[in-house]
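Student: My structure is below; once you've seen it, I'll send some questions.
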Amino acid sequence: MDHQTASSYAGPDRQITPVPDASRQAAFLVLVAAVLWGTTGATQVLAPPEASALGIGTARLCTGGLILLAWALAHGGTAGMAACWTRSTWALTVVGTGSVAAYQALFFSAVRSTGVATGTLIAIGCAPLITGLLGLAIKERLTRLWAVGTAMTVAGLTLLSVPGGAALVRLSGVLYALAAAAAYSTYTVAGRMLLSRGVDGRVVVGTFFGFACLPIVALSAGDDFTWLTAWNGIGVTLWLGIGATAVPYLLWIRGLRTTAVSSATAIGLAEPLMASALGIFVLGEAATLWTLTGMAAIVAGLAVVGRDGTDAREPATRQ
1 MDHQTASSYA
11 GPDRQITPVP
21 DASRQAAFLV
31 LVAAVLWGTT
41 GATQVLAPPE
51 ASALGIGTAR
61 LCTGGLILLA
71 WALAHGGTAG
81 MAACWTRSTW
91 ALTVVGTGSV
101 AAYQALFFSA
111 VRSTGVATGT
121 LIAIGCAPLI
131 TGLLGLAIKE
141 RLTRLWAVGT
151 AMTVAGLTLL
161 SVPGGAALVR
171 LSGVLYALAA
181 AAAYSTYTVA
191 GRMLLSRGVD
201 GRVVVGTFFG
211 FACLPIVALS
221 AGDDFTWLTA
231 WNGIGVTLWL
241 GIGATAVPYL
251 LWIRGLRTTA
261 VSSATAIGLA
271 EPLMASALGI
281 FVLGEAATLW
291 TLTGMAAIVA
301 GLAVVGRDGT
311 DAREPATRQ
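Note that the sequence shown covers residues 1 to 319 in the UniProt record's numbering.
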């Protein structure tokens, strides 16, 4: 299954003829998901001051994960959920679930060790590169457009991360962030492979995020969650769980059906772009020439990657 025919592969025994418009729509769904993810940072500002980063992440994952799990059960039933645990899918399910939980823990460890700017840049900026390489494992061919677009978005992220001076860099934090990028890339590829085996996308995200609640809860067992009794704590948790987790991941997994994992992860770099825009226009953070230049570079890079995701599939319709 190469990069050009990946979107037409629906399972081991059946082929689907892709439609170019479907690829464009899929890329748009991934973009909308990334924009919703980008609201996470601004939303956290509204949480009670005593809420820790890990506590907020746990509340977000559990709320969104349980919603996704309930949605999957409602639409797929127990028979549908069992599709993730067959002889050909259970290993991918375990890897994907473990990677979702690992990403949360590793990402928060990264930003705690080396700062939000550097940790986010490495974790999110390196994900497309790692995912592209992992995509080779499912025979998705990397293209020049993907390389150019990804380079532009990573360059833009660099400008966003250090607009006012040197960033804090610690080796431990860098390693955590690289591991977080690898975890994100791993569950993206695992999800795509489950889709190629005919597993419903809602079942995939419901299983990944629903079962990932267990290890993340164990990790944050010593945290103080009394902030959840405050109105702003409830509001923040509901938005992070529904608007920034459940809804975008349903859009993401649907878009991933006809978008290469390399392109999907690169489009996901719209997340820090949205976070920066909210910081400037909603939270009143300072906008420098570096910031604006970085945002423009990300937009341009996303356009290139989005074109790559469409062009790579159009030849398949002419087979």
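Note that CB positions come from ideal geometry on N, CA and C, so glycine has one too. Just so it is clear, the structure is predicted and the values come from calculations on it, not from any experiment.
Count the CB pairs spanning the stretch 49 to 60 and the stretch 182 to 192 that are closer than 8 Å, and state whether there are at least three.
Tutor: Judged by Cβ distances under 8 Å, the stretch 49 to 60 makes no contact with the stretch 182 to 192, as fewer than three pairs qualify.
Student: By the 10 Å Cβ neighbour count, where 16 or more other Cβ atoms means buried, how is Leu289 classified, buried or exposed?
Tutor: Counting Cβ neighbours within 10 Å, Leu289 comes out exposed, since fewer than 16 surround it.
Student: Using 8 Å as the threshold, is the C-beta distance between residue 378 and Gly206 below it?
Tutor: This structure cannot speak to residue 378, because the chain is shown only from 1 to 319.
Student: Taking the C-alpha atoms as reference points, what is the distance between Ala303 and Gly149?
Tutor: Spanning the two alpha carbons is a distance of roughly 8 Å.
Student: What did DSSP end up calling Ser7 once you bin it into helix, strand or coil?
Tutor: Low per-residue confidence applies at Ser7: pLDDT is 34, beneath 50, and the placement is therefore not dependable enough to give any value.
Student: What distance in whole Å lies between the Cβ atoms of Ser109 and Ala183, which are believed to be in contact at a cut-off of 8 Å?
Tutor: Not confirmed; about 11 Å, so no contact.
Student: Only counting runs of 3 or more residues, tell me where the beta strand (DSSP E) segments fall wholly within the UniProt domain "EamA" (26 to 161), in order along the chain.
Tutor: You should have found no qualifying run.
Student: State the Cα-Cα distance for the pair Ala260 and Gly135, rounded to the nearest angstrom.
Tutor: Rounded to the nearest angstrom, the two C-alpha atoms are 8 Å apart.
Student: Express the C-alpha separation of Gln44 and Gly77 in angstroms, rounding to a whole number.
Tutor: Cα to Cα, the separation comes out at about 34 Å.
Student: Is the beta carbon of Ala190 within less than 7 Å of some heavy atom of the ligand NAP?
Tutor: With respect to the ligand NAP, the structure shown offers nothing to examine, as it has no ligands at all.
Student: Roughly how many angstroms lie between the CA atoms of Thr245 and Gly65, to the nearest whole one?
Tutor: If you take the alpha carbons of Thr245 and Gly65, they lie about 8 Å apart.
Student: Which of the three DSSP states is assigned to Arg197 in this structure?
Tutor: Arg197: coil per DSSP, three-state reduction.
Student: May I have the straight-line CA-CA distance separating Ile242 from Ile234, to the nearest angstrom?
Tutor: Going from the Cα of Ile242 to the Cα of Ile234 covers about 12 Å.
Student: Buried or exposed, going by whether 16 or more other CB atoms sit within 10 Å of the CB of Pro49?
Tutor: Exposed: under 16 other Cβ atoms inside 10 Å.
Student: Which same chain residues, not among the five before or five after Asp224, have their C-beta less than 8 Å away from its C-beta?
Tutor: Glu50, Ser52 and Gly55.
Student: Measuring only the C-alpha atoms, how far is Thr237 from Val282?
Tutor: Straight-line Cα distance between these residues: approximately 20 Å.
Student: Anyone know if the C-beta pair for Gly301 and Thr153 falls short of 8 Å?
Tutor: A contact, by the Cβ cut-off of 8 Å.
Student: Tell me whether Thr259 sits in a helix, a strand or coil according to DSSP, three-state version.
Tutor: Three-state result, Thr259: coil.
Student: Run the CB neighbour count on Gly255, radius 10 Å, all protein chains shown included, and call it buried at 16 or more, exposed below.
Tutor: Classification of Gly255: buried, given that the 10 Å Cβ count is 16 or more.
Student: Between the C-alpha atoms of Glu271 and Gly201, what's the straight-line distance to the nearest angstrom?
Tutor: Between Glu271 and Gly201, the C-alpha separation is close to 21 Å.
Student: With a Cβ-Cβ cutoff of 8 Å, do Ala91 and Val199 count as a contact?
Tutor: Result no, Cβ atoms of Ala91 and Val199 do not sit closer than 8 Å.
Student: Hey, Leu159 and Thr293: beta-carbon distance below 8 Å or not?
Tutor: For Leu159 and Thr293, yes; Cβs fall inside 8 Å.
Student: Using only CA atoms, which one of Thr131, Leu273, Ala212 and Gly222 lies nearest to Trp37?
Tutor: Comparing Cα-Cα distances from Trp37 to each of Thr131, Leu273, Ala212 and Gly222, the minimum goes to Leu273.
Student: What are the boundary residues of the alpha helix (DSSP H) that includes Gly241?
Tutor: Looking at the DSSP string, Gly241 is not in any alpha helix (DSSP H), and its letter there is neither H nor E.
Student: Could you say which of Ala42, Gln25, Leu29 and Ala27 lies nearest to Leu240 if we only look at CA atoms?
Tutor: Checking every option, the nearest Cα to that of Leu240 belongs to Ala42.
Student: What's the C-alpha gap between Val299 and Arg170?
Tutor: Their Cα atoms are separated by approximately 29 Å.
Student: Could you pull out every residue in the same chain whose Cβ sits closer than 6 Å to the Cβ of Ala166, ignoring the five residues on either side in sequence?
Tutor: Note that Ala166 scores a pLDDT of 45, beneath 50, so its modelled location is shaky and nothing firm can be said.
Student: Are the Cβ atoms of Thr89 and Arg197 separated by less than 8 Å?
Tutor: Yes, Cβ-Cβ distance for Thr89 and Arg197 is below 8 Å.
Student: Measuring only the C-alpha atoms, how far is Leu175 from Gln104?
Tutor: C-alpha separation (whole angstroms): 14 Å.
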